[in-house]
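Notes to accompany the following structure.
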Amino acid sequence: MSLTLSVGDDSDVAEAELSALSVSSSAFASPAGPTPTASPAPPLVRKSSFDSRPGASPTKPVRPRGLSRSHTLPRVPQLETKSRRKNSELDALVVEPDVLARIRRWILGVAIVDFDVDDGPVITGIYPSLVVFPAEAENIAFSAFPDSPQFEDGSQDHSFRIREHPMSLPSDRRSAPKDGFMYGFAHFTQRKDSTSKRGYEQRSLVILTHHAYPALFARISALLGPLFQEHGLPMLEAACHNIATWSDPTPGMIAELGFLGTVLSVELPHSPEQQQLVSKAYDPRQHILASSSTFTPPPLLLFEAALSHLWSLWECLVLCEPLLIFGASPAQTSQAIWWLRDLLRPLPLTGDMRPYFTIHDTDHATLASHLPPAAGRVLGVTNPVFERSCAHWPHVLSLGRRVPLNTATHGASAGNTRARAGPLPGWKTRTHTRYVSKDRALLRRLEDACASNSERERLDASLDLRRHFHARTTEMLVPLARYLHTLIPTPAERAASASPEALRMRAFSAPAFLASLKTGAGAALPFRSTARRKEFYERWLRTPAFGVWLGLQERIVHGVLEGG
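Written as structure tokens, this is what we have:
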């Protein structure tokens, strides 16, 4: 099967869209030509035993040698040249405009990305046809493949977030952006192939969307990826037409969505800042909380080596401290970062958070430069190059199981059966000292769950951890909400004044708020001292998150006041 990548000739698109790429599926045919001799495992991956379940990790650790852009994937100009090559073939598949509009409510399209021996990762088709700009195509292609040691045969699911081109496109070419980013949910597969010069076929199927619904689209990717590998294009068509039958994605919606013979029970959040709460008996296989991270495998295991430091990690997230997060695979980093985003709710996301970030991303020079990282920046990486280029970052979390002290550096124990590239699992900080007390009873439960072989116990502990930090984030806002209440005009003040100011909150005063900490009821958070409490809030008032949060509260209050 082959797909083609082409630049459309439409006069209304070609010039006005700055050479944007119209990527579409086209005539499908089996590859012709002589069968080359299989060659050793490609440099993109290293041999190791692998559990092919989505999100599973390699089981034989290998220390990679000097991974870098030149040692893994070809340079970007080759991809860009390939991406810009025109193809005159007619699209083999046509989607009716009304069906396309219904598909685009949920997804932009599904991209097929192949690893070409000469050109590296290349988008060989997107269905339905979608206009993408060259930088976007480049980022999608490179982000679709693991930039880390993986496995000989197997598959893996991960997600990424790339910056969207600022130029707006006609609605029939792409649905309107939501937050300036495009989200990709990839199912990567590698298997031996004697017809390939590399001896392997490497392919990713990537669902592209504007919706930050990781649990939902990770499940869809995990269902569609294997079926597409086995049955090809008919499954891709069926999947998109299934999505076209879904109802509109409405905030707070609870629905059963049919997808490739499976019925998915899905719940959407009321807003991006809402954490979708669950009961203690929650089963993620039966009900999908769209905006949460995936729960399989239990996220707790990703943080085992840093359990006692999770309270410091949470504080750094709240204070918009930049975080560099290492993992053995993009499956790990993407699950962990979506998980951390969920713990931050109900606070808004204000920094640039990338579930999986590669050295090939066009933002690499900006986000991973020698300059101090921006507030709220969180990068999930697998390439050890970042250990050197981001050595000046203040906080580093390396995911995984605890490594015994007698284990060789970058090695692995029987309980840490993952390829190790980058720092050993654990938490390192240059600047942070903790403000709040730990919940030591919860910490003991988490440690017991990690030591257990029970998947249910690990899931329950993960859910307990999620509830705990959601409660802490909510408790952090209690003194602020109490102070904001004093800024709202009373009914008597509104009745006594006909001026517009009577329908607006009074201005926030940082000194007045900090003074209110002394006179009001004690803060709900268990701060280690009153001095540490004051310092914490002084820092938070200077974060971009505070400004966004305050703006949201003001809009809510003004809406209520203007509504009478």
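Residues 456 to 1019 (this note's numbering) are what the sequence shown spells out, left to right.
The C-beta atom is built at its ideal place from N, Cα and C for all residues, glycine as well.
>> In whole angstroms, give me the CA-to-CA distance for residue 812 and residue 775.
In response: The residue labelled residue 812 in the question sits at position 357 within the sequence shown. The residue labelled residue 775 in the question sits at position 320 within the sequence shown. Here the alpha carbons of residue 775 and residue 812 stand approximately 19 Å from one another.
> To the nearest angstrom, how far is it from the Cα of residue 883 to the Cα of residue 794?
Replying inline: To locate residue 883, count along the sequence shown from 1; it is residue 428. To locate residue 794, count along the sequence shown from 1; it is residue 339. If I take the Cα positions, the gap works out to 19 Å.
> In whole angstroms, what is the alpha-carbon distance linking residue 893 and residue 856?
Replying inline: Mapped onto the sequence shown, residue 893 falls at position 438. Mapped onto the sequence shown, residue 856 falls at position 401. So the two alpha carbons sit approximately 21 Å from each other.
> Can you tell me where the beta strand (DSSP E) with residue 834 in it begins and where it stops?
Replying inline: By one-based count along the sequence shown, residue 834 stands at place 379. Note, residue 834: beta strand (DSSP E), 833 to 836.
> Could you give the distance in angstroms between the alpha-carbon of residue 671 and the alpha-carbon of residue 654?
Replying inline: By 1-based counting over the sequence shown, the position of residue 671 is 216. By 1-based counting over the sequence shown, the position of residue 654 is 199. Each residue's Cα considered, the two are about 34 Å apart.
> Should residue 927 be labelled buried (16 or more other beta-carbon atoms within 10 Å of its own) or exposed?
Replying inline: Along the sequence shown, read from residue 1 onward, the residue named residue 927 stands at position 472. So residue 927 counts as buried.
>> Please classify residue 908 as buried or exposed, where buried requires at least 16 neighbouring CB atoms within 10 angstroms.
In response: For the purposes of this step, residue 908 is identified with residue 453 of the sequence shown, where counting begins at 1. Looking at its Cβ environment, which holds fewer than 16 other Cβ atoms inside 10 Å, residue 908 is exposed.
> At what residues does the beta strand (DSSP E) containing residue 575 begin and finish?
Replying inline: Along the sequence shown, read from residue 1 onward, the residue named residue 575 stands at position 120. In the DSSP annotation of this structure, the continuous segment of the beta strand (DSSP E) that includes residue 575 starts and ends at 575 to 582.
> Taking just the CA atoms, how far does residue 552 sit from residue 768?
Replying inline: Here residue 768 refers to the residue found at position 313 of the sequence shown. Here residue 552 refers to the residue found at position 97 of the sequence shown. Here the alpha carbons of residue 552 and residue 768 stand approximately 47 Å from one another.
> What alpha helix (DSSP H) runs, 4 residues minimum, are completely inside the region 754 to 812?
Replying inline: If we require 4 residues or more, the alpha helix (DSSP H) runs fully inside the region 754 to 812 come out as 765 to 773, 785 to 799.
>> Looking at residue 715: is its Cβ nearer than 8 Å to the Cβ of residue 678?
In response: Within the sequence shown, the letter at position 260 stands for residue 715. Within the sequence shown, the letter at position 223 stands for residue 678. Contact: yes.
> Is there a Cβ from chain D that is less than 8 Å from the Cβ of residue 822?
Replying inline: Structure shown: chain D not included; a single protein chain is present.
>> My parser needs the alpha helix (DSSP H) runs of 4 or more residues fully inside the region 675 to 723; what are they?
In response: List check, alpha helix (DSSP H) in window: 688 to 699.
> Would DSSP call residue 635 helix, strand or coil?
Replying inline: Residue mapping note: residue 635 aligns to position 180 of the sequence shown, counting from 1. Annotated three-state conformation of residue 635 is coil, per DSSP.
>> Whole angstroms are fine: how far does the CA of residue 850 sit from the CA of residue 885?
In response: Start at 1 with the first residue of the sequence shown, and residue 885 comes out as number 430. Start at 1 with the first residue of the sequence shown, and residue 850 comes out as number 395. Between residue 885 and residue 850, the C-alpha separation is close to 6 Å.
>> Here's the rule I'm using: 16 or more other beta-carbon atoms within 10 Å means buried, otherwise exposed. How should residue 707 be labelled?
In response: Translated into positions along the sequence shown, residue 707 becomes position 252. Here residue 707 is exposed: its Cβ has fewer than 16 other Cβ atoms, across all protein chains shown, within 10 Å.
> DSSP three-state call for residue 910: helix, strand or coil?
Replying inline: One-based indexing of the sequence shown puts residue 910 at position 455. Reduced to three states, the DSSP call for residue 910 is helix.
>> Taking the straight line between their C-alpha atoms, what separation do you get for residue 1003 and residue 645?
In response: Position 548 of the sequence shown, counted from the start, is the residue given in the question as residue 1003. Position 190 of the sequence shown, counted from the start, is the residue given in the question as residue 645. Near 43 Å, if we compare the C-alpha coordinates of residue 645 and residue 1003.
> On the premise that residue 943 lies in contact with residue 931, defined as a C-beta separation below 8 Å, what is that separation, rounded to the nearest angstrom?
Replying inline: In the sequence shown, residue 931 corresponds to position 476, counting from 1. In the sequence shown, residue 943 corresponds to position 488, counting from 1. The beta-carbon distance between residue 931 and residue 943, rounded to whole angstroms, is 21 Å. This is too long to meet the 8 Å contact definition.
>> What does the alpha-carbon distance come out to for the pair residue 745 and residue 712?
In response: As a working mapping, residue 745 is identified with position 290 in the sequence shown. As a working mapping, residue 712 is identified with position 257 in the sequence shown. If I take the Cα positions, the gap works out to 12 Å.
> How long is the line joining the alpha carbons of residue 661 and residue 925, rounded to whole angstroms?
Replying inline: Start at 1 with the first residue of the sequence shown, and residue 661 comes out as number 206. Start at 1 with the first residue of the sequence shown, and residue 925 comes out as number 470. Rounded to whole angstroms, residue 661 to residue 925 spans 31 Å at the Cα level.
>> Strictly by DSSP, which residues pair up with residue 1078?
In response: Any question about residue 1078 goes unanswered here, given that the chain covers just 456 to 1019.
> Using the C-alpha atoms, what's the distance from residue 608 back to residue 503?
Replying inline: Numbered from its first residue, the sequence shown carries residue 503 at position 48. Numbered from its first residue, the sequence shown carries residue 608 at position 153. Annotation note: pLDDT 33 at residue 503 (below 50); position unreliable, coordinate value reported separately. So the alpha carbons of these two residues sit roughly 9 Å apart.
> Within this structure, are the beta carbons of residue 723 and residue 704 separated by less than 8 Å?
Replying inline: As a position in the sequence shown, residue 723 is number 268, starting the count at 1. As a position in the sequence shown, residue 704 is number 249, starting the count at 1. Result yes, Cβ atoms of residue 723 and residue 704 sit closer than 8 Å.
> Going by DSSP, what residues sit across from residue 884 in a beta bridge?
Replying inline: Position 429 of the sequence shown, counted from the first residue, corresponds to residue 884. Its beta-bridge partners are 850.
>> My assumption, with CB atoms under 8 Å, is that residue 835 sits in contact with residue 782. Please give the rounded CB distance.
In response: Here the question's residue 835 lines up with position 380 in the sequence shown. Here the question's residue 782 lines up with position 327 in the sequence shown. Right, their Cβ atoms sit about 6 Å apart.
>> So for residue 903, helix, strand or coil by DSSP?
In response: Translated into the one-based positions of the sequence shown, residue 903 becomes position 448. Residue 903 falls in the helix class under three-state DSSP.
> Is the Cβ-Cβ distance between residue 600 and residue 810 less than 8 Å?
Replying inline: In the sequence shown, counting from the first residue as 1, residue 600 sits at position 145. In the sequence shown, counting from the first residue as 1, residue 810 sits at position 355. Their beta carbons are not under 8 Å apart, which means residue 600 does not touch residue 810 by this criterion.
> Since residue 565 contacts residue 624 with CB under 8 Å, what's their CB separation in whole angstroms?
Replying inline: Position 110 of the sequence shown holds residue 565. Position 169 of the sequence shown holds residue 624. Wrong, their Cβ atoms sit about 18 Å apart, outside the cutoff.
>> Whole angstroms are fine: how far does the CA of residue 572 sit from the CA of residue 652?
In response: Residue numbering aside, residue 652 sits at position 197 when the sequence shown is read from its first letter. Residue numbering aside, residue 572 sits at position 117 when the sequence shown is read from its first letter. Distance between residue 652 and residue 572, taken at the CA atoms: about 7 Å.
> Quick one: is residue 1006 buried, meaning 16 or more other Cβ sit within 10 Å of its Cβ, or exposed?
Replying inline: Here residue 1006 refers to the residue found at position 551 of the sequence shown. When all chains shown are included, residue 1006 counts as exposed.
>> If you follow the alpha helix (DSSP H) that residue 1008 is in, where does it begin and where does it stop?
In response: Indexing the sequence shown from 1 puts residue 1008 at position 553. Its alpha helix (DSSP H) spans residues 999 to 1017.
>> Output needed for residue 988: all residues of its chain with C-beta closer than 8 Å, excluding positions within five of it in sequence on either side, in chain order.
In response: By 1-based counting over the sequence shown, the position of residue 988 is 533. The residues are 890, 972, 978, 980, 982.
>> I need the boundaries of the alpha helix (DSSP H) containing residue 991, first residue and last residue.
In response: One-based indexing of the sequence shown puts residue 991 at position 536. 985 to 995 is the span of the alpha helix (DSSP H), which, as asked, contains residue 991.
> In angstroms, rounded to a whole number, what distance separates the CA positions of residue 752 and residue 737?
Replying inline: Position 297 of the sequence shown holds residue 752. Position 282 of the sequence shown holds residue 737. Straight-line Cα distance between these residues: approximately 15 Å.
>> Using C-beta distances below 7 Å, list every residue in its chain close to residue 750, excluding the 5 sequence neighbours before and after it, in chain order.
In response: One-based indexing of the sequence shown puts residue 750 at position 295. 739, 914, 917, listed in sequence order.
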